[in-house]
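*Asks:* In the numbering used here, the protein residues as written are 1135 to 1430.
Attaching a single structure in C-alpha cells format; questions to follow.
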Amino acid sequence: MTPYGLVDRMIFTQSYKKHKKERTLKRLELFEFEDLHWLPNTIRSGATNLLALLHKLFGTADVLAKIVRDIQDKIDITRITDLGSGSGGPMIDVINQLNKDNSSEPIQLVLTDLFPNQDVVQEINNRKLRHIQYHHLPVDATNISTAPKGLKTMIASFHHMNPVTARKILQSAQDNREPILIYEIAKNTIPVVIWWLLLPISLVILILMVLVMTPFVRPLKWSQLFFTYILPIIPIVYAWDGQASLMRTYTFEDFRSLLRDVNDSNYQWSVEDAKKSNGKKAGYYVVGYPINIVSR
Ligand SMILES: C[S@@+](CC[C@H](N)C(=O)[O-])C[C@H]1O[C@@H](n2cnc3c(N)ncnc32)[C@H](O)[C@@H]1O
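Next up, the structure:
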C-alpha cells in the first residue's frame, strides 16, 4: 500500500477492504456554534458571510471550477445541489464560470442549508441569477439520498458531519450511484497538542482578522457591524468555529478509514490536494463518481 503522506493523490480501491481494523480518527469531535440550532441566524450568517469573503480572497471558486471541469470529463453534469451553502459560499461564482465557458446545456445550481437564513435566501434569489436558486426550506445533508439527482457538493461543510453520518453520506452517494464533491479549505495537519497550545493566540489572531475583514463583507448589513464592533459575538463565533473546524476536518487517513467499507468496483473515490492554477496548494477535495455511467 502507498504510504500516507508521500503522495498527493490516492485512489481508493477494493484493496482497502483488507484493512478491517478500525483506527482512531485524527479528527476531533469538537462543537461549533454554527451547529447549535438556537444560534440566531444573524450570528450564523455573520460568520458564513466572512467565510464567503475568505473564499473570494483565497480564489476558491477558480480552484473548484477546475475540479468540476475535471469531473465533467468523466461524467455528464447538468445539475448541482450544494449542501450546507451558508451564505452562498463560492458555488455561485463556480457555476457562473462553468456556464460562461460551456457551450452545451447550462448547469443548474441549487443552494441548500440545514439552517437557511431567509434573508440570505431572498437576497440571492432576488439577484435573479440564471440557473441558480437558493432553496428556502431546511435540507439536511445527512439525508443526501432525498436530494435531487446530479452532483452533490459539500464546500467547507463535510467536517460538520460526525464519523457515523460522514460514512453514511459516502455510502449513500455510492449506493445511489450519484457523484459527490467534498471540499475543505484547510488540511488538519497540526498535531493536537500544538493546536491546544496555540489556541489562545490563534483565537486572538482570528478575532483581529474579523475586525479587519468585516467592512469588505457583501452585502454588509448593520447587524453584521453591530455584532462585530459593538457586541463582538460574530468575531468570537467565527474565531472558535474556524479553529474547531481545523481539528474537525477529516485527514486523508481519516477518509481512508471512512471509505474502508464503502467500496464498489463500479464507483471511484479519490482524495487529492486541491491546487490553484499556479500550483499552490489550496485545501483538499474528495470526489466520488460512478464508473461507466452517464449521470443526469
Ligand atoms: C462552514 S459553513 C460553510 C458554508 C459554505 N458552504 C461556504 O463554504 O461558505 C457550514 C454550513 O453547513 C451547514 N450545516 C451544518 N450541518 C448541516 C447539515 N447536517 N446539513 C446541511 N447543512 C449543514 C451550516 O448551517 C453552515 O451553513
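Built from N, CA and C at the ideal position, the CB exists for glycine as well.
No experiment lies behind these values; they were computed from the predicted model shown.
1) For residue 1288 versus residue 1316, is the C-beta spacing smaller than 8 Å?
2) With a threshold of 16 other CB atoms inside 10 Å of the CB of residue 1308, please say whether the residue is buried or exposed.
3) Over the uninterrupted beta strand (DSSP E) stretch that includes residue 1213, give me the two end residues.
4) Starting from residue 1244, trace the beta strand (DSSP E) in both directions and tell me its first and last residue.
5) So residue 1420 packs on residue 1305, CB below 8 Å; how close in whole Å?
6) Are the Cβ atoms of residue 1181 and residue 1189 separated by less than 8 Å?
7) Rounded to the nearest angstrom, what separates residue 1198 and residue 1417 at their Cα positions?
8) Residues in its own chain within less than 6 Å of residue 1292 by CB, not counting five upstream and five downstream?
9) Taking 8 Å as the cut-off, decide whether the C-beta atoms of residue 1240 and residue 1285 are in contact.
10) Beta carbon of residue 1274: closer than 7 Å to some heavy atom of ligand 1?
11) Identify every residue that forms a DSSP beta bridge with residue 1076.
12) So is residue 1219 buried or exposed if we call it buried at 16+ other beta carbons inside 10 Å?
13) Out of 1414, 1400, 1406 and 1340, point me to the one whose CA is closest to residue 1201's CA.
14) According to DSSP, which residues form a beta bridge with residue 1316?
*Replies:* So, from the data block:
1) yes
2) buried
3) 1213-1216
4) 1242-1245
5) With a Cβ gap of about 14 Å, residue 1420 and residue 1305 do not count as contacting.
6) no
7) 11 Å
8) 1316
9) no
10) yes
11) The question about residue 1076 has no answer here: the residues shown for the chain are numbered 1135 through 1430.
12) buried
13) 1406
14) 1288 and 1420
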